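**Student:** Following this message is one structure expressed as structure tokens.
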Amino acid sequence: NITHVFVRFFFNSNKPQLCCKKLPNTMKLDTPQFRALFSPEVKELVEIFKRHGHELRIAGGAVRDLLMHKQPQDLDFATTATPTQMKEMFDNESVRMINTKGEKHGTITARINDKANFEVTTLRIDVVTDGRHAEVEFTTDWETDANRRDLTINALFLGLDGTVYDYFHGIEDLEKRRVAFVGDPAQRIREDYLRILRYFRFYGRIAVEPDSHDPGILTAIRENVGGLAGISGERLWTELKKILAGNYSKELVGRIIDLGIAPFLGLPDSPDWNQLEKVCRRSHGLALQPVPLLTALLKDESEVMKLHSRLKFSSYERDLALFIVQHRENKEDASLKPYQRLLFVTKGKTGDVQEWICELLKYGGHRELLESFRCWDMPKFPVNGTMLLERGMRSGPKFAAVLGKLKELWFDSDFSLTTEELLAKLPDVLRDAKVGKNG
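1 is the number of the first residue of the sequence shown in UniProt numbering; add one for each residue after it.
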């Protein structure tokens with residue numbers, strides 16, 4: 001809660017207007033989280049800009065986090081200096097610059113004391129937008145830069161003396177836990193359609209009610225959902241993952257479906273909402289990963305692959321989604337054994353499969369089995385491929401099948417069969433597999 005920040009610090013919102021330019025609301029910030037920012041490297045960066053007469057402020061999400069008494073994970077800086085001026089300045093100060101790809105967008109990355117990297121971006125104006133990316137021009141006007149940002153709570157700047165600069169009532173919106181676009185929502189969305197999902201992500205982070213949206217924002221989203229077709233799957237999935245991992249994920253997914261967004265994400269036209277509700281209820285408090293949560297909306301493996309095709313899952317995420325769909329209908333069983341068996345019969349890295357089984361147990365709400373599985377030390381299988389080779393088998397397609405059959409026998413014995421006992425069963429296994437020793 002940031003309410004007491006307003007008591008402790010001061011506003012400067014009643015200054016006279018100069019010409020037509022409005023002055024920002026300001027307040028002074030002096031919290032433990034703010035003071036903790038000033039590592040030797042941050043202090044050095046600030047001093048470099050001071051020495052060269054360029055203004056430097058912290059921008060965006062870090063300011064929002066500080067006002068909510070959270071320690072920012074990353075610091076993004078904004079400056080009146082152009083990229084050319086920054087390069088000259090850092091060269092003069094013998095500061096190494098890395099990752100020059102951001103320069104055309106105004107971002108220079110400086111490595112201070114060979115310890116910390118800081119991205120510093122020139123104030124910008126969007127001159128051309130296509131719904132995905134923007135062409136920019138540089139400016140020295142802080143309000144103009146704030147005006148190009150998506151949400152009021154992300155359009156705040158923080159001077160290194162602790163002064164917060166607020167041009168669009170972001171402080172008030174943050175205090176009221178209100179997520180609002182800077183200016184006209186439809187215009188902001190058309191500049192970059194990914195802002196539709198960003199809105200829902202920040203709603204989950206900021207809001208105190210699970211489903212209390214401004215009707216005007218919902219209308220703007222509904223009228224512009226088609227623009228999501230042009231956004232890459234990777235960008236969509238990055239945002240959607242954060243929505244699913246945040247607060248009110250069920251309610252926000254419900255809104256996403258209601259507004260017609262689901263098909264543009266690769267979800268079916270009629271997602272299985274009832275299944276999602278059940279899974280959310282059963283897994284409450286178990287920190288179910290985003291992939292299984294999303295998988296609750298899908299009916300079968302073909303829908304998983306369609307979703308993967310659109311969102312470009314990693315191979316781990318794709319295989320986890322398929323694993324959940326394949327095994328979620330397992331009959332209720334108070335025994336750990338079926339889940340232990342999955343560990344031995346599922347293809348994949350053992351560590352990955354263990355995580356998938358934990359997610360499957362969370363998905364089904366099997367809390368006691370989940371705890372038991374996590375505490376279970378998997379015994380080491382006493383036979384390996386070298387032992388089979390020493391007994392005359394050749395490696396090949398049937399090799400893995402024979403090893404797998406021996407594992408099943410070992411599993412069915414409650415892991416009691418020894419190396420010698422398992423190898424004694426090799427002739428029978430080979431005969432059943434219809435392979436000879438040289439097969």
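Cβ coordinates follow ideal geometry from the N, Cα and C atoms, glycine included. Everything numeric in this text was worked out from a predicted model, so none of it was measured.
Please determine if the region 379-395 and the region 357-366 are in contact, where contact requires at least 3 C-beta pairs separated by less than 8 Å.
**Tutor:** no
**Student:** Assign H308 to one of two classes, buried (16 or more other C-beta atoms within 10 Å of its C-beta) or exposed (fewer than that).
**Tutor:** Here residue 308 refers to the residue found at position 308 of the sequence shown. By the Cβ neighbour-count rule, H308 is buried, with 16 or more other Cβ atoms within 10 Å of its own.
**Student:** Run through the DSSP bridge pairs and tell me what L156 is partnered with.
**Tutor:** Position 156 of the sequence shown, counting from 1, holds the residue named residue 156. For L156, which the question treats as bridged, DSSP gives the partners D166.
**Student:** Which value, in whole angstroms, describes the spacing of the CA atoms of L426 and S302?
**Tutor:** For this step, residue 426 is matched to residue 426 along the sequence shown. For this step, residue 302 is matched to residue 302 along the sequence shown. Cα to Cα, the separation comes out at about 38 Å.
**Student:** Helix, strand or coil: how does DSSP classify T79 here?
**Tutor:** Residue 79 sits at position 79 when you count from the first residue of the sequence shown. Residue state, collapsed to three classes: strand.
**Student:** Answer with yes or no whether the minimum CB distance from G364 to chain B is below 8 Å.
**Tutor:** The displayed structure is made up of one protein chain only, and chain B is not part of it.
**Student:** With distance defined between alpha-carbon atoms, name the residue in M89, M378, H169, G162 nearest to F344.
**Tutor:** In the sequence shown, residue 344 corresponds to position 344, counting from 1. F344 has its Cα closest to that of M378, out of M89, M378, H169, G162.
**Student:** For Q289, count the other beta carbons within 10 Å of its own beta carbon; 16 or more makes it buried, fewer makes it exposed. Which is it?
**Tutor:** Reading the sequence shown from its first residue, position 289 is the one you call residue 289. Flag for Q289 reads buried.
**Student:** Write down every uninterrupted run of the alpha helix (DSSP H) in the region 222-266 whose length is 4 residues or greater and which is fully enclosed by it, in chain order.
**Tutor:** Counting only runs of 4 or more, we get 233-245, 249-258.
**Student:** So, are the CB atoms of R310 and G266 less than 8 Å apart?
**Tutor:** Walking along the sequence shown from the start, residue 310 turns up at place 310. Walking along the sequence shown from the start, residue 266 turns up at place 266. Against a cut-off of 8 Å, the Cβ pair of G266 and R310 comes out as a contact.
**Student:** Pull up the distance between the alpha-carbon of G285 and that of P263, whole angstroms please.
**Tutor:** Here residue 285 corresponds to residue number 285 of the sequence shown, with the count starting at 1. Here residue 263 corresponds to residue number 263 of the sequence shown, with the count starting at 1. Roughly 29 Å separates the two Cα atoms.
**Student:** Quick one: residues in its chain with C-beta nearer than 6 Å to the C-beta of P24, no 5 flanking neighbours on either side, listed in chain order?
**Tutor:** Walking along the sequence shown from the start, residue 24 turns up at place 24. Counting only Cβ-Cβ distances below 6 Å, and skipping sequence neighbours, we find Y165, D166, Y167.
**Student:** For V402, report the span of its alpha helix (DSSP H) as first-last.
**Tutor:** Here residue 402 refers to the residue found at position 402 of the sequence shown. Unbroken alpha helix (DSSP H) run through V402: 397-412.
**Student:** How many whole angstroms separate the CB atoms of Y132 and D65, which I take to be in contact at a CB cut-off of 8 Å?
**Tutor:** Here residue 132 refers to the residue found at position 132 of the sequence shown. Here residue 65 refers to the residue found at position 65 of the sequence shown. Note on residue identity: the sequence assigns Arg, not Tyr, to residue 132. Incorrect: roughly 27 Å between the Cβ atoms, too far for contact.
**Student:** Terminal residues of the continuous beta strand (DSSP E) containing E119?
**Tutor:** In the sequence shown, residue 119 corresponds to position 119, counting from 1. Where E119 is concerned, the enclosing beta strand (DSSP E) stretches over 116-122.
**Student:** Give me the Cβ distance between T80 and E55, rounded to the nearest whole Å; I'm assuming they're in contact under 8 Å.
**Tutor:** Along the sequence shown, one-based indexing puts residue 80 at 80. Along the sequence shown, one-based indexing puts residue 55 at 55. Yes, T80 and E55 are in contact; Cβ-Cβ is about 5 Å, under 8 Å.
**Student:** In chain order, what residues of the same chain lie with their CB nearer than 8 Å to the CB of R190, ignoring the 5 residues before and after it?
**Tutor:** Here residue 190 refers to the residue found at position 190 when the sequence shown is read from its first residue. Hits under 8 Å: T129, G131, N224, G227.
**Student:** Below 8 Å between beta carbons: does that hold for D272 and K299?
**Tutor:** One-based indexing of the sequence shown puts residue 272 at position 272. One-based indexing of the sequence shown puts residue 299 at position 299. Yes.
**Student:** Cβ of F118 within 8 Å of Cβ of L37?
**Tutor:** Your numbering for residue 118 matches position 118 in the sequence shown. Your numbering for residue 37 matches position 37 in the sequence shown. Going by C-beta atoms, F118 is not nearer than 8 Å to L37.
**Student:** Rounded to whole angstroms, what is the Cα-Cα separation between A110 and M393?
**Tutor:** Numbered from 1 along the sequence shown, position 110 holds the residue referred to as residue 110. Numbered from 1 along the sequence shown, position 393 holds the residue referred to as residue 393. C-alpha separation (whole angstroms): 59 Å.
**Student:** Closest to S212 by C-alpha separation, out of R178, T238, D141, E420, would be which residue?
**Tutor:** Here residue 212 refers to the residue found at position 212 of the sequence shown. If we check each option's Cα against that of S212, R178 comes out closest.
**Student:** Would you report the Cα separation of F415 and E103, rounded to the nearest angstrom?
**Tutor:** If you number the sequence shown from 1, residue 415 lands on position 415. If you number the sequence shown from 1, residue 103 lands on position 103. A direct Cα-to-Cα measurement between F415 and E103 gives close to 60 Å.
**Student:** Can you give me the C-alpha to C-alpha distance between R318 and R255, rounded to a whole angstrom?
**Tutor:** Working through the sequence shown from its first residue, we reach residue 318 at position 318. Working through the sequence shown from its first residue, we reach residue 255 at position 255. Each residue's Cα considered, the two are about 25 Å apart.
**Student:** Residue range of the alpha helix (DSSP H) that K362 falls in?
**Tutor:** On the sequence shown, residue 362 is found 362 positions in, with the first residue counted as 1. Note, K362: alpha helix (DSSP H), 350-363.
**Student:** Would you kindly check if the distance between the Cβ of I324 and the Cβ of T350 is under 8 Å?
**Tutor:** Taking the sequence shown and counting its residues from 1, one reaches residue 350 at position 350. Taking the sequence shown and counting its residues from 1, one reaches residue 324 at position 324. Not closer than 8 Å, so no.
**Student:** Give every residue of the same chain whose Cβ lies closer than 6 Å to the Cβ of M86, excluding the five residues on either side of it in the sequence, and list them in chain order.
**Tutor:** The residue you call residue 86 lines up with position 86 of the sequence shown. Answer for M86: I108, listed in chain order.
**Student:** May I have the straight-line CA-CA distance separating residue 470 from V291, to the nearest angstrom?
**Tutor:** With the chain represented from 1 up to 439, any question about residue 470 goes unanswered, as that position is not in the structure.
**Student:** Leaving out five residues on either side along the sequence, give the residues of the same chain with a beta carbon under 8 Å from the beta carbon of D126.
**Tutor:** By one-based count along the sequence shown, residue 126 stands at place 126. So the list reads A134, E135, V136, R148, E191, once near-sequence residues are dropped.
**Student:** What is the rounded straight-line gap between the Cα of R222 and the Cα of L259?
**Tutor:** For the purposes of this step, residue 222 is taken as the residue at position 222 of the sequence shown. For the purposes of this step, residue 259 is taken as the residue at position 259 of the sequence shown. Approximately 5 Å, taken between the alpha carbons.
**Student:** Counting C-beta neighbours from all protein chains within 10 Å, is the total for D432 16 or more, i.e. buried, or is it exposed?
**Tutor:** Working through the sequence shown from its first residue, we reach residue 432 at position 432. Under this definition D432 is an exposed residue.
**Student:** DSSP three-state label for residue 440, please.
**Tutor:** Nothing about residue 440 can be read from this structure; the chain reaches only from 1 to 439.
**Student:** Among residues of its own chain, excluding the 5 on either side of K70, which ones have a beta-carbon nearer than 8 Å to its beta-carbon?
**Tutor:** Numbered from 1 along the sequence shown, position 70 holds the residue referred to as residue 70. Result list for K70: Q33, in chain order.
**Student:** What does a CB cutoff of less than 6 Å around I261 pick up in its chain, not counting 5 residues either side in sequence?
**Tutor:** To locate residue 261, count along the sequence shown from 1; it is residue 261. V225.
**Student:** Leaving out five residues on either side along the sequence, give the residues of the same chain with a beta carbon under 8 Å from the beta carbon of D114.
**Tutor:** Taking the first residue of the sequence shown as 1, we reach residue 114 at position 114. So the list reads R96, once near-sequence residues are dropped.
**Student:** May I ask you to report which of helix, strand or coil DSSP gives F138?
**Tutor:** Indexing the sequence shown from 1 puts residue 138 at position 138. The answer is strand: DSSP assigns F138 an E or B state.
**Student:** Can you give the Cα-Cα distance for residue 470 and K250, rounded to whole angstroms?
**Tutor:** Any property of residue 470 remains undetermined from this structure, which presents the chain solely from 1 to 439.
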